[in-house]
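*Asks:*
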Amino acid sequence: MKNVKWDKSRIVATTSVMAALTTVATMIFQVPVPETHGYINLGDTMVMLSGILFGPLVGAMAGGIGSALADVLSGYAGWAPYTLVIKGLEGFLVGLLGGKDGRIKALAGCLAGGAVMVLGYFLVEFLLYGAGAYAELPGNILQALAGVIVAVSVGVEVRKVLGRV
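All residue numbers for the sequence shown refer to the working numbering, where the first residue is 289 and numbers rise by one.
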C-alpha cells in the first residue's frame, strides 16, 4: 500500500482488524496439550501475515493482542501475559525481517518469528513445568511451520496486490 498515507487512524484500524483475525484464527482450531495446560492453534498464520503485510508495528500489536485475547476467551487466561510478549515479538520480528519485498525475506522473517515463538513458549513452559515442556515442543514446531508455509505463500501475493493500491 505504497500510495496510502499511514496516519494513526489507519494504523489503529488495521491493527484492530488484524488482531481480531488473529483471535479468530487462534480460536477456530485448538488442540489442548494437558502436560502444559496450553494448546496448539493456527493463529501464527495471522501473526506472520500481519508482519509480512503491514510491518513490525502492526505485526507486534496484532500478534500480541490478538493471541492474548484468544487465550483469555479460550479459558487460558494464565497464558495471556506470556502470549502477549511472545507473539508480539514474533509479529515484530516477522515484520522487521520479512515486511519488505521478496519471498526470501518473507521466509526468513517467518522462520525467525516462528523460532521466537517456539523458544519463547518452551522457556516459559520449562520454568513452569520442567520436563513437561518437551511435550508441547513438537506441536509448537508444527504450528510454526504451518504458519510459515501459509503466511509466505499467501502474504507475498497479497502484498503485491496491496502494493498496487
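Cβ atoms here follow ideal geometry from the backbone N, Cα and C, with glycine treated the same way.
Note that the structure is a prediction, hence the values are computed from the model and not measured.
Taking the alpha-carbon of residue 383 as reference, which of 421, 341, 390, 372 has the nearest alpha-carbon?
*Replies:* Residue 341 is the option with its Cα nearest to residue 383.
*Asks:* If you check the beta carbons only, do residue 444 and residue 333 fall under 7 Å apart?
*Replies:* Result no, Cβ atoms of residue 444 and residue 333 do not sit closer than 7 Å.
*Asks:* Our contact map puts residue 378 next to residue 324 with C-beta atoms below 8 Å; I'd like the distance itself, whole angstroms only.
*Replies:* Actually they do not touch by this definition, with Cβ atoms about 18 Å apart.
*Asks:* Decide if the stretch 401-413 is in contact with the stretch 293-310; the criterion is three or more beta carbon pairs, one per stretch, under 8 Å apart.
*Replies:* No: fewer than three Cβ pairs fall under 8 Å.
*Asks:* Alpha carbon to alpha carbon, how far is residue 396 from residue 365?
*Replies:* Going from the Cα of residue 396 to the Cα of residue 365 covers about 31 Å.
*Asks:* Enumerate in chain order the residues of its own chain whose CB-to-CB distance from residue 352 is below 6 Å, with the five nearest sequence positions on each side excluded.
*Replies:* These residues qualify, in order along the chain: 372, 375, 376.
*Asks:* When you compare only the Cα positions, how much space is there between residue 360 and residue 368?
*Replies:* The straight-line gap from Cα to Cα measures roughly 6 Å.
*Asks:* Can you have a look at residue 319 and say buried or exposed, based on whether 16 or more other CB atoms are within 10 angstroms of its CB?
*Replies:* Flag for residue 319 reads exposed.
*Asks:* For residue 387 versus residue 343, is the C-beta distance shorter than 7 Å?
*Replies:* Closer than 7 Å, so yes.
*Asks:* Return helix, strand or coil for residue 364, following the three-state DSSP convention.
*Replies:* Coil at residue 364, not helix or strand.
*Asks:* Residue 380 and residue 347: beta carbons closer than 7 Å?
*Replies:* Their beta carbons are under 7 Å apart, which means residue 380 touches residue 347 by this criterion.
*Asks:* Which ranges does the alpha helix (DSSP H) cover as unbroken runs of at least 4 residues, wholly within the stretch 362-435, from first to last along the chain?
*Replies:* The qualifying runs are 368-386, 391-417.
*Asks:* Use the C-beta contact count for residue 339: other C-beta atoms within 10 angstroms, 16 or more gives buried, fewer gives exposed.
*Replies:* Residue 339 comes out buried.
*Asks:* With a cut-off of 8 Å on the beta carbons, I'd call residue 362 and residue 315 a contact; round off their distance for me.
*Replies:* Indeed they touch by this definition, with Cβ atoms about 6 Å apart.
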